[in-house]
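S.K.: Take a look at the following structure, please.
In this note's numbering, the protein residues as written are 2 to 162.
Written out as structure tokens, the structure reads:
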């Protein structure tokens with residue numbers, strides 16, 4: 002899940018709506034990025050992570066869409082501009098560059114997702130939203146751990162901050 006900023010200039014009606022929009026856009030981005038990694042990554046571990054991420058985020062997005070419908074939240078039909086820009090970087094990367102770019106940016110994305118999940122759990126009053134976040138939290142942590150392990154096993158450089 003990649004935190005997102007809603008595409009439209011109008012602010013969502015509630016923090017729950019803002020979260021659902023961000024989660025949906027993140028899921029759309031993760032599905033595309035995961036599918037690309039499954040095809041483009043040189044390393045089998047990165048390809049496997051990409052396939053897993055695409056599959057998981059497809060399932061998660063169906064839950065997000067269902068809750069959004071129940072709460073009458075209109076969801077955008079594409080990732081946000083930051084996510085679209087990252088997708089373009091993935092597509093433009095050579096196969097040699099791809100694995101490092103994918104792993105490092107995904108670690109950052111899952112770190113952001115963990116922070117967002119914590120905020121949502123502390124602030125939401127909606128049980129359906131809380132259920133989605135509680136179910137996603139261990140997956141977020143597992144994916145972040147697996148990405149970090151993969152980065153270390155492959156000897157990939159960490160990005161400079």
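C-beta atoms are modelled at their ideal positions from N, C-alpha and C, and glycine is treated no differently.
The structure displayed is predicted, hence computed values, not measured ones.
Once you ignore the five residues that flank residue 35 on each side, which residues in its own chain have a CB closer than 6 Å to its CB?
M.R.: 51, 54 and 55
S.K.: Within a Cβ cutoff of 7 Å, which residues of the same chain sit near residue 83, ignoring the five residues on either side of it in sequence?
M.R.: none
S.K.: For residue 31, tell me which candidate among 156, 14, 16 and 60 has the shortest Cα-Cα distance.
M.R.: 60
S.K.: Give the range of the alpha helix (DSSP H) segment to which residue 121 is assigned.
M.R.: 96–124
S.K.: Along the chain, where does the alpha helix (DSSP H) that runs through residue 144 open and close?
M.R.: 128–155
S.K.: Taking Cβ positions, are residue 122 and residue 131 nearer each other than 8 Å?
M.R.: yes
S.K.: Nearest-angstrom Cα distance between residue 94 and residue 126?
M.R.: Using only the alpha carbons, I get a separation of about 42 Å.
S.K.: Helix, strand or coil, according to DSSP, for residue 45 in the structure here?
M.R.: In the structure shown, residue 45 sits in a helix (DSSP, three-state: H, G or I).
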